[in-house]
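What follows is a short report on a single structure.
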Amino acid sequence: MNQVNQIQGDEMHVDEGVLAAGIVPRIYTFHGVQVTFPFEAYQSQQEMMSEILYHAIRGQNLMTESVAGTGKTLALLCSLLAYQEHHASLGQNIEKDTQPQTKPPLIIYATKTLAHIKHIIGQLALTQYVNTPMGLLSSVKNTCNNEESDEHLCDYIPEDL
Numbered sequence: 011m012n013q014v015n016q017i018q019g020d021e022m023h024v025d026e027g028v029l030a031a032g033i034v035p036r037i038y039t040f041h042g043v044q045v046t047f048p049f050e051a052y053q054s055q056q057e058m059m060s061e062i063l064y065h066a067i068r069g070q071n072l073m074t075e076s077v078a079g080t081g082k083t084l085a086l087l088c089s090l091l092a093y094q095e096h097h098a099s100l101g102q103n104i105e106k107d108t109q110p111q112t113k114p115p116l117i118i119y120a121t122k123t124l125a126h127i128k129h130i131i132g133q134l135a136l137t138q139y140v141n142t143p144m145g146l147l148s149s150v151k152n153t154c155n156n157e158e159s160d161e162h163l164c165d166y167i168p169e170d171l
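If you're matching positions, the sequence shown starts at 11 in the numbering used here and goes up one per residue.
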């Protein structure tokens, strides 16, 4: 049975459901977009998801910052992937003759360390968005396959693969 909590301000409500592995997710609604979060979000995470969605809906850029341990990764992943799903569902509801259908937005999550990539994938595994298709890109050092390029421009060594 679902329990719904209404929270005043900023168009948000919480709806509890059940996810695999004993995780009880919460569904938050910000600016008309339902975000499934793997557990009860901190206030700072709720505020971050609201801001992310506010700017995503408007096609605007957003730069955000928060101290370590505040749940930035989950807030970012869940809100943006929920927006991507929301955008895709809107496209399905558009009649073919009235408006052109647009593709869901492409999300690029950039980081410079393998440890952070592992952290992101681990956090994604906690969510309902775990089956989201993704691709990983690495540095030129690991991906350059032009054997004729200058060594200082490409550290690719075929034997090391």
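Don't be surprised by glycine CBs; every beta carbon is placed ideally from N, CA and C.
field: Start and end residues, alpha helix (DSSP H) containing Q56
entry: Here residue 56 refers to the residue found at position 46 of the sequence shown. Here the alpha helix (DSSP H) through Q56 covers Q53 to I67.
field: First and last residue of the uninterrupted beta strand (DSSP E) at Q133
entry: Counting from one through the sequence shown, the residue named residue 133 turns up at place 123. Note, Q133: premise wrong, no beta strand (DSSP E); alpha helix (DSSP H) at L124 to L134.
query: Can you name, in chain order, every residue of its own chain whose Cβ lies under 8 Å from the Cβ of Y52, other than the five neighbours on each side?
result: Counted from its first residue, the sequence shown places residue 52 at position 42. Around Y52: T80 and G81.
- request: For the beta strand (DSSP E) containing T39, list its first residue and its last residue.
  value: The residue you call residue 39 lines up with position 29 of the sequence shown. Unbroken beta strand (DSSP E) run through T39: R36 to F40.
task: Have a look at I33 and T137 and give me their C-alpha separation to the nearest angstrom.
output: The residue you call residue 33 lines up with position 23 of the sequence shown. The residue you call residue 137 lines up with position 127 of the sequence shown. Taking the straight line from one Cα to the other gives about 9 Å.
Span separating the alpha-carbon of Y119 from that of T142: The residue given as residue 119 occupies position 109 in the sequence shown. The residue given as residue 142 occupies position 132 in the sequence shown. If you draw a straight line from the Cα of Y119 to the Cα of T142, it comes to about 13 Å.
message: For Q138, report the span of its beta strand (DSSP E) as first-last.
response: Sequence index remark: in the sequence shown, residue 138 carries index 128 (1-based). Segment: none, Q138 is in no beta strand (DSSP E) and carries neither H nor E.
query: Per DSSP, Q44 is paired with what?
result: Counting from one through the sequence shown, the residue named residue 44 turns up at place 34. Answer by DSSP bridge pairing, in chain order: T39.
message: Pop quiz: Y93 and L63 are said to be a contact at Cβ under 8 Å. What is the actual Cβ separation, rounded to whole angstroms?
response: As a first step, residue 93 is located in the sequence shown; it is residue number 83 there, counting from the start. As a first step, residue 63 is located in the sequence shown; it is residue number 53 there, counting from the start. Contact check for Y93 and L63: beta-carbon distance about 6 Å, within the 8 Å limit, so the pair qualifies.
- prompt: Counting pairs of Cβ atoms below 8 Å between the region 33-48 and the region 72-79, do you hit three or more?
  reply: no
- prompt: CA-CA distance, Q55 and M73?
  reply: In the sequence shown, residue 55 corresponds to position 45, counting from 1. In the sequence shown, residue 73 corresponds to position 63, counting from 1. Rounded to the nearest angstrom, the two C-alpha atoms are 15 Å apart.
- request: Give the single residue among Y139, S148, L146 and L147 whose Cα lies nearest to the Cα of L86.
  value: As a first step, residue 86 is located in the sequence shown; it is residue number 76 there, counting from the start. The candidate whose alpha carbon is nearest that of L86 is Y139.
- prompt: Going by other Cβ atoms of all chains shown within 10 Å of its Cβ, with 16 needed for buried, is I35 buried or exposed?
  reply: Position 25 of the sequence shown, counting from 1, holds the residue named residue 35. A small correction: the amino acid at residue 35 is Pro; Ile does not occupy that position in the sequence shown. Looking at its Cβ environment, which holds 16 or more other Cβ atoms inside 10 Å, P35 is buried.
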